[in-house]
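Here the sequence shown stands for residues 1 to 423, numbered as in this note's numbering.
A short write-up of the structure that comes next.
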Amino acid sequence: MDKRAFIKNMSALSLGIPFSLKHIEEIVEQVSAISPNDLAGDEEFWKKIRGGYKLKEDYINLENGYYCFMPQETLEHYISHIREVNLQGSYYMRTVQWDNQEAVTKKLADLAGCSDEELIITRNTTESLDMIIAGQDWEEGDEAIMAEQDYGSMQDQFRLMEKRYGIVTRVVSVPNHPKSDEEIVQLYADAITERTKLLMICHLINITGQVLPVKKICDMAHEKGVEVMVDGAHAFAHLDFKLDDLNCDYYGTSLHKWLSVPLGAGFLYVKKEKVSKIWPLMAQWKTPADDIFRLNHTGTHPVHTHLAISNAIDYHNAIGSQRKEARLKFLQHYWTSKVRNVDNVIVNTPEDMAKHGAIGNVGIKGMEPHDLAKKLMEDHKIWTVSIYRPEAGVLGVRVTPNVYTTLEELDAFVKAIKELAKA
C-alpha cells in the first residue's frame with residue numbers, strides 16, 4: 001500500500017458506503033449558492049447531514065466537546081485501515097507507514113494553514129502542549145502566565161515545572177462576559193513582567209465556550225518579548241481560521257473533537273524558527289535540530305488512526321469550514337437566547353456571536369452542576385457534562401451540540417432548563 005495505492009484505496013471505499021462522501025458533496029452542491037449564515041438555519045439541509053451519523057436513541061447527546069464521534073463515512077474508512085494494517089502487519093510498518101504519515105501531515109497542515117515543516121501529529125492537546133511546557137530551557141525565577149479557566153492538565157504541567165525548576169506561575173481570571181477584546185488583552189498584558197517567558201491562552205475556553213482574541217494577545221505579547229502557546233483543543237475544525245493568521249508560537253489541538261477523527265490523534269504546531277529550541281519528549285538524536293520531526297518520536301503508534309485523519313479532513317471539507325462554523329454558532333445562539341433572561345438561569349457564555357462557537361455553559365441558581373447534569377439525564381434523557389469550577393467563576397453544565405443536532409433536540413433542552421429553573 002504505497003502512497004498512490006493508499007489514496008486510490010480511500011477513494012474506492014467511498015463508493016461502497018451507503019452515505020458516502022460523494023453523497024455529501026452532492027447535498028452541499030445543491031446549496032452552494034446559499035451563504036453560510038443563511039444556510040445555518042436550514043433544517044432540511046442539516047437533517048440530511050444528520051443522516052450520515054449513526055446516533056444512539058436512548059438520549060439526546062449534547063456533549064460532543066469531549067469526543068465528537070465519527071460520521072459513518074469516516075468510521076468505515078477507519079475500520080478499513082485497521083483491517084489493511086492488520087493484514088500487512090510489520091510489512092506495512094517497515095515500508096510505507098512514514099510515506100503515508102507524511103502525506104497525511106501535509107494534508108493536515110494545509111487545513112490548519114501552516115507549513116508541514118511546522119506541524120506534527122500527536123495523540124492529543126495535552127501531549128502537544130505539555131511537550132512545549134516541559135521542553136523549555138527553564139531557569140529558576142522564570143515566569144509563565146495562565147488563566148483559572150485553562151485546562152487542568154496544562155496547569156498541572158506548569159506546576160510541575162515550578163517544583164522541578166523553580167519557575168513562577170502567574171494566574172489571571174478571564175471574565176465570562178468581557179466588555180471588549182481590549183479588556184482581555186490588557187488582562188494578560190498586566191500580568192507580564194520582565195521575567196515572563198511563556199504565556200498560555202485558550203483559543204476557545206473549554207468550560208464556557210468563550211473565544212479569545214488570539215492574534216491581538218499574541219501581537220501584544222510579542223511586543224513585550226514573550227512567546228505565546230495556544231490551547232486550541234476546541235477551536236480547530238470548529239472555527240474557520242488559519243494558524244498563520246494567529247501569529248502564535250505554539251498551538252496544540254485534539255483531532256478527535258471537532259474534526260471527528262478516531263480517538264488518539266491531535267497535532268502540535270511550532271513556528272519554524274522555534275523548533276530547534278524545544279527539548280523533545282523522547283530523544284531523536286539523528287534528526288537535525290530545526291526539523292520538527294525531532295519532536296515526533298514516541299515509538300510505535302496507531303497508524304490506522306493517522307490514516308483516518310485524511311478521511312475526516314475530506315468529510316470536513318465537503319461540508320465546508322464556513323458552513324460548519326456558521327451552523328455551530330447558530331445552534332448555540334438558538335438555545336442560549338431562549339434561556340438568558342429566564343429567572344434563576346445563569347448563562348456563562350458571551351452573547352456576542354463573535355465570541356463563541358458551539359459550546360455554551362448554563363447553570364441554575366441554587367443547584368449544584370452535578371445535580372443539574374444528573375436531572376437532565378435521568379429525567380429528560382439529555383446528556384451533558386457538569387462543570388464545577390468555582391475558582392474560575394463557572395458553575396453549570398457544558399452544552400456542545402454538533403452538526404447533526406436538531407432544533408427539536410435543543411427545544412427539548414430549553415424546556416428542561418426552564419422546568420428545572422422553576423423547581
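Just so you know, even glycine gets a beta-carbon here, dropped at the ideal spot from N, CA and C.
Note that the structure is a prediction, hence the values are computed from the model and not measured.
Report the three-state DSSP secondary structure of VAL414 (helix, strand or coil).
helix
Answer with buried or exposed for ILE184, where buried requires no fewer than 16 other C-beta atoms within 10 angstroms of its C-beta.
It counts as buried.
Is the distance from the Cβ of VAL362 to the Cβ of GLY396 below 8 Å?
yes
Let me make sure I understand the geometry here. Which of ILE167, LEU119, GLU44, GLN186 has the alpha-carbon closest to that of GLU139?
ILE167
Using a 10 Å radius around the Cβ and a threshold of 16 neighbouring Cβ atoms, would you call HIS203 buried or exposed?
Buried is the call here.
Do PHE267 and ILE120 come within 8 Å of each other at the CB atom, strictly closer than that value?
yes
Can you give me the Cβ contacts of LYS197 inside the same chain, cut-off strictly under 6 Å, excluding the 5 residues immediately before and after it?
Here the set comprises ASP142.
Grab the span of the alpha helix (DSSP H) containing LYS272 for me, first residue to last.
First-last for LYS272: undefined, no H or E at that position.
For ALA392, does the three-state DSSP call read helix, strand or coil?
helix
Would you mind working out which of HIS316, HIS380, GLU391, VAL403 sits nearest GLY357, comparing C-alpha positions?
Of the residues HIS316, HIS380, GLU391, VAL403, the one whose Cα lies closest to the Cα of GLY357 is VAL403.
Using the C-alpha atoms, what's the distance from LYS22 back to LEU15?
Legend: pLDDT at LEU15 = 42, less than 50; position of this residue unreliable, value from coordinates given subsequently. Using only the alpha carbons, I get a separation of about 8 Å.
Can you round the beta-carbon distance between ALA308 and TYR53 to whole angstroms, since I take them to be within the 8 Å contact cut?
Contact doesn't hold; Cβ gap of about 16 Å is too wide.
When DSSP builds the beta bridges, which residues end up paired with VAL261?
Note: VAL261 sits in no beta bridge, so no partner.
Would you call the stretch 39-53 and the stretch 320-338 in contact, with 3 or more CB pairs under 8 Å?
yes
Could you work out which residue in LYS277, ARG398, LYS216 is closest to CYS248 when comparing CA atoms only?
LYS216
Give me, in chain order, the residues of the same chain whose beta-carbon lies closer than 7 Å to that of ILE207; leave out the 5 immediate sequence neighbours on both sides.
GLN149, ASN361, ILE387, ARG389, ALA392, VAL394, ARG398
When HIS380, VAL230, ILE278 are compared against ILE145, the one with the closest alpha-carbon:
VAL230
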